[in-house]
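This note's numbering numbers the first residue of the sequence shown as 1 and each following residue consecutively.
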Amino acid sequence: MRDPYKILGVRRDAAVDEIKAAWRNMAKSAHPDHNQDDPTATARFAEIGRAYETLKDPRKRSLFDNALRMAEAKKHEQTIMQQRQAAREAAVRAKAAQANAERVMEELARAAQKAAADGPRQQAGSAEAADEMVDRIFGAQARAAASGQAQGRAQQTQYQQAQNQQTQNAQGDAGKRMDGDAAEADSRGDEEAGEAAANAAANLSLPLSILTNLVRRFTGAKDTGLEKAPDEVTTATVTIDDVLKSGWITASLPEGREIGFALPAGTTDGHEIRLKGQGFKLPGLQRGDAVINIRIAPDPRFTVDGFDLHAVLPLSIENAVLGTEARIEGPSGPLNVTIPAWSGSDKTIRIPGQGLPREEGGRGDLVVELRIILWEKPDDKITDLMRSMREGLFL
């Protein structure tokens, strides 16, 4: 059987009268006598009846609610287990990335020490290129064969010269290409600072693009920063007054930690609040977020529909026919309501600005639903009048 609440279109905290009214409306519209051309009308009518039978019986309704809560709790537990598994996998990836980073740093340190010891002239012929170092560390195929060593050295020299040219352009006054010619270097005595910086850039450092590529390769991610740890998802139950006052709320996260926050404008039932950097915290990863699903607790005065509040106003027959002035409890205090003449239970009265605060400013409305009620004791005159009207007689 499908969810009886969804079948009748009512909330889980709906009162018995609301459930009964919904059943009557749906049963009337889905009755097979009114839908003779619809082959599914009988099945729909029967389903509506079964849903009402379940919800009108307190015992059956309680059993269904308990089963529904257990199913939701099991689903929530599975979600938490999946989050924890994702966190463990992310921790393993972070550990592997850290190990790769340490290997890279060790290789770079050894290369820098060797370059400082050998000098710039031996560097051009014997040092390992940065991209080849990366390929070797991460298991890429070797580029150079024994027969192609001379060509590889020439390519390395061109690469070093190109990097020297970039460094000299950035410094402004060292615009000439470095080719290792000692005589030409001596003729530029006033550029010794730029020359030294260019040599250091050629011998001891890597271009920024290669360093960025290093980060991408040992993390296995795009160049958008650290991988993010999983979010922590939980549910917080609040009252209508909490929402109206933007109250301070405390929620319990799945890992057992409590987190506090103020309800922002625009909060309603089912609203999701995301707190940046308040989720799972794992080494080597960007911290996840805390995601809180807001549920508004049942209130004896109102029901919540988006940013609107709904209230029920009982109305006697004479006041429904003749109209009256009534007083109803609003979210901020009592309110006067004008009931027009000939108002039935299908009529609603909307009071603007008496609902929940909206994110863009202002508030929703208070929607007053009229419910016609009979007197406690039968009235013979009214009974005779109704019988005459039903039988087509007029007094």
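All C-beta atoms in this analysis are idealised placements derived from N, C-alpha and C, irrespective of residue type, glycine included.
Inter-residue CB distance, residue i and residue j (contact presumed, cutoff 8 Å)
i: Asn336; j: Arg327; result: 6 Å
i: Phe307; j: Arg358; result: 6 Å
i: Ala290; j: Glu232; result: 5 Å
i: Ala21; j: Ala30; result: Not quite, the Cβ-Cβ distance comes to about 15 Å (not below 8 Å), so this is no contact.
i: Leu313; j: Phe302; result: Not quite, the Cβ-Cβ distance comes to about 12 Å (not below 8 Å), so this is no contact.
i: Thr267; j: Val304; result: Not really, about 11 Å apart at Cβ, beyond 8 Å.
i: Phe280; j: Gly270; result: That pair is no contact at about 24 Å.
i: Pro4; j: Leu55; result: 5 Å
Assigned exposure category for residue i - 16 Cβ within 10 Å defines buried
i: Ile382; result: exposed
i: Ser343; result: buried
i: Gln278; result: buried
i: Arg363; result: buried
i: Ala67; result: exposed
i: Leu315; result: buried
i: Trp23; result: buried
i: Met26; result: buried
i: Val104; result: buried
i: Val16; result: exposed
Beta carbon of residue i nearer than 9 Å to that of residue j
i: Ala87; j: Pro283; result: no
i: Thr250; j: Asp299; result: no
i: Ala43; j: Ile7; result: no
i: Ala236; j: Arg274; result: no
i: Gly330; j: Ala341; result: no
i: Leu374; j: Ile317; result: yes
i: Arg84; j: Glu227; result: no
i: Glu396; j: Ala311; result: Residue 396 is absent from the model: the chain starts at 1 and stops at 395.
i: Asp65; j: Arg12; result: yes
i: Trp397; j: Gly256; result: It is not possible to answer for residue 397, since the shown part of the chain is limited to 1 through 395.
Inter-residue Cα distance where the pair is residue i and residue j
i: Gly49; j: Lys276; result: 47 Å
i: Leu253; j: Gln82; result: 15 Å
i: Glu325; j: Asn319; result: 9 Å
i: Arg390; j: Asp384; result: 10 Å
i: Lys95; j: Ala116; result: 32 Å
i: Glu258; j: Ala91; result: 23 Å
i: Gly333; j: Gln354; result: 10 Å
i: Glu18; j: Pro352; result: 24 Å
i: Ala46; j: Glu72; result: 27 Å
i: Ala99; j: Asp241; result: 52 Å
i: Glu360; j: Ala262; result: 17 Å
i: Leu204; j: Ala97; result: Legend: pLDDT at Leu204 = 37, less than 50; position of this residue unreliable, no value from coordinates given.
i: Lys74; j: Ala112; result: 57 Å
i: Gly9; j: Arg61; result: 15 Å
i: Thr234; j: Asp379; result: 55 Å
i: Ala101; j: Gln78; result: 34 Å
i: Lys347; j: Asp33; result: 27 Å
i: Gln36; j: Glu53; result: 24 Å
i: Lys114; j: Glu89; result: 38 Å
i: Glu345; j: Gln286; result: Glu is not the amino acid found at residue 345; the sequence shown has Ser there. Cα to Cα, Ser345 sits roughly 56 Å from Gln286.
Where the alpha helix (DSSP H) containing residue i begins and where it ends
i: Phe280; result: Premise fails: Phe280 is in no alpha helix (DSSP H) and is neither H nor E.
i: Leu55; result: 41 to 56
i: Pro4; result: 4 to 8
i: Asn35; result: Neither: Asn35 is in no alpha helix (DSSP H) and is coded neither H nor E.
i: Thr267; result: Element bounds for Thr267: n/a, residue is neither H nor E.
Residue interval of the beta strand (DSSP E) (run including residue i)
i: Asn25; result: No beta strand (DSSP E) contains Asn25, which is instead part of the alpha helix (DSSP H) from 16 to 30.
i: Leu374; result: Counting along the chain, Leu374 falls outside any beta strand (DSSP E), and DSSP gives it neither H nor E.
i: Asn293; result: 290 to 296
i: Thr235; result: 232 to 238
i: Glu406; result: Nothing can be reported for residue 406, as the shown portion of the chain is limited to 1 through 395.
i: Arg363; result: Counting along the chain, Arg363 falls outside any beta strand (DSSP E), and DSSP gives it neither H nor E.
i: Asp384; result: Note, Asp384: premise wrong, no beta strand (DSSP E); alpha helix (DSSP H) at 380 to 390.
i: Ser246; result: Taken as a continuous stretch (DSSP letters only), Ser246 belongs to no beta strand (DSSP E), as it is neither H nor E.
i: Gly256; result: Where Gly256 is concerned, there is no enclosing beta strand (DSSP E), given that its DSSP letter is neither H nor E.
i: Asp305; result: 303 to 305
i: Asp308; result: 308 to 316
i: Arg12; result: Looking at the DSSP string, Arg12 is not in any beta strand (DSSP E), and its letter there is neither H nor E.
i: Gly333; result: 333 to 339
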